[in-house]
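Residue numbers (this note's numbering): 2 to 143.
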């Protein structure tokens with residue numbers, strides 16, 4: 002679970018960076034314009050987040066196989082969110098390269114990271130709460 006959790010935290014932070022850039026513009030004017038921070042907050046985190054999602058998808062089944070108690074649910078939610086992220090990214094890439102397009106469709110690629118990582122963030126949050134509770138119980142029992 003350590004690799005799955007670490008890669009998921011990286012991908013969620015990359016998605017958070019993108020959300021922080023896009024959300025204020027969407028809420029205030031209904032659109033966002035690429036500005037001076039666009040490369041640092043959207044373009045750079047997107048491939049890093051997608052690479053971390055690939056690592057998490059590879060590590061996910063191993064994390065699920067090691068879970069014997071009822072604590073496998075956060076790992077499953079995290080894995081499903083990573084799979085959704087990569088499926089959306091794959092669909093956008095197929096759309097951009099398979100059909101006659103202009104290439105502007107690749108601007109939708111950060112959206113795959115932004116949407117899929119919402120589910121991953123839920124799984125990571127549940128896992129971190131579970132770990133904190135188990136540490137607290139261990140400290141109280143000893």
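Beta carbons: idealized from backbone N, C-alpha and C, even for Gly.
From a predicted model like this one, the values you see are computed outputs, not experimental measurements.
Whole-angstrom C-beta distance between residue j and residue i, which should lie under 8 Å
i: residue 108; j: residue 50; result: Contact doesn't hold; Cβ gap of about 16 Å is too wide.
i: residue 160; j: residue 53; result: What is shown of the chain runs 2 to 143, which leaves residue 160 out entirely.
i: residue 128; j: residue 21; result: 23 Å between Cβ atoms; not a contact.
Beta-carbon spacing of residue i, residue j below 8 Å
i: residue 81; j: residue 120; result: yes
i: residue 86; j: residue 117; result: yes
i: residue 79; j: residue 112; result: no
i: residue 47; j: residue 110; result: yes
i: residue 165; j: residue 106; result: This structure leaves residue 165 out entirely; the chain is present only between 2 and 143.
i: residue 33; j: residue 44; result: no
Alpha helix (DSSP H) segment containing residue i, residue limits
i: residue 41; result: From DSSP, residue 41 is part of no alpha helix (DSSP H); its letter is neither H nor E.
i: residue 126; result: 110-142
i: residue 72; result: Taken as a continuous stretch (DSSP letters only), residue 72 belongs to no alpha helix (DSSP H), as it is neither H nor E.
Option nearest residue i by Cα separation, candidates the options
i: residue 16; options: 34, 41 and 131; result: 41
i: residue 8; options: 36, 31, 83 and 74; result: 83
i: residue 2; options: 21, 59, 29 and 20; result: 59
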